[in-house]
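Numbering (the working numbering), first residue to last: 21 to 161.
Note that CB positions come from ideal geometry on N, CA and C, so glycine has one too.
Small disclaimer: the values here were computed from a predicted structure and weren't measured.
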């Protein structure tokens, strides 16, 4: 097909090049957002549903790894889930995606509001990096 297309005409496929000054995070916000939402759903299923929802519905024990555990025993849930290497890897990927998403999202929100100009451009980028880092570190603690 490629040779026949080349003989038929000398037109090449259009190639999108990344414009100068556009960050990787801004070009991949949808994919990063999907990762963030996906792991947020996983996190809510692993922790909120088994802890808070169980308590709200009146369950005094929930099944965790074949054992019955109190929904208030958060340490048991953390020990169980974070003893699995794939879960730890998934959460690390989630934190990196969350950091990229928040960094670009905070800066983009400031830009949309109109608080951005040439004098403040680099300052807002730095502030958005600091805010995203603080949020991610806060969740990690």
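Which stretch, first to last residue, makes up the beta strand (DSSP E) that contains residue i?
i	result
residue 42	From DSSP, residue 42 is part of no beta strand (DSSP E); its letter is neither H nor E.
residue 85	It is not in any beta strand (DSSP E) - residue 85 carries neither H nor E in the DSSP assignment.
Should residue i be listed as close to the ligand ZN, given that the test is whether its C-beta is under 6 angstroms from any heavy atom?
i	result
residue 85	This structure lacks the ligand ZN; in fact it carries no ligand of any kind.
Give me the Cα-Cα distance between residue i and residue j, rounded to the nearest whole angstrom.
i	j	result
residue 100	residue 84	8 angstroms
residue 98	residue 131	38 angstroms
residue 141	residue 76	46 angstroms
residue 91	residue 152	31 angstroms
residue 88	residue 108	23 angstroms
residue 71	residue 110	21 angstroms
residue 129	residue 154	17 angstroms
residue 135	residue 86	54 angstroms
residue 43	residue 61	27 angstroms
residue 93	residue 105	21 angstroms
residue 137	residue 114	32 angstroms
residue 143	residue 45	18 angstroms
residue 68	residue 139	44 angstroms
residue 112	residue 145	23 angstroms
residue 161	residue 125	22 angstroms
residue 41	residue 133	20 angstroms
Pop quiz: residue i and residue j are said to be a contact at Cβ under 8 angstroms. What is the actual Cβ separation, rounded to whole angstroms?
i	j	result
residue 95	residue 82	No, residue 95 and residue 82 are not in contact; Cβ-Cβ is about 14 angstroms, not under 8 angstroms.
residue 117	residue 56	5 angstroms
residue 103	residue 127	With a Cβ gap of about 37 angstroms, residue 103 and residue 127 do not count as contacting.
In the DSSP assignment, find the unbroken alpha helix (DSSP H) run with residue i in it and report its ends.
i	result
residue 156	141-160
residue 120	105-133
residue 62	49-63
residue 94	94-101
For this session: Say whether the stretch 46-53 touches the stretch 113-121, bearing in mind that this needs 3 or more beta-carbon pairs closer than 8 angstroms, one atom from each stretch.
Result: In this structure the stretch 46-53 touches the stretch 113-121; the number of beta carbon pairs closer than 8 angstroms is three or more.
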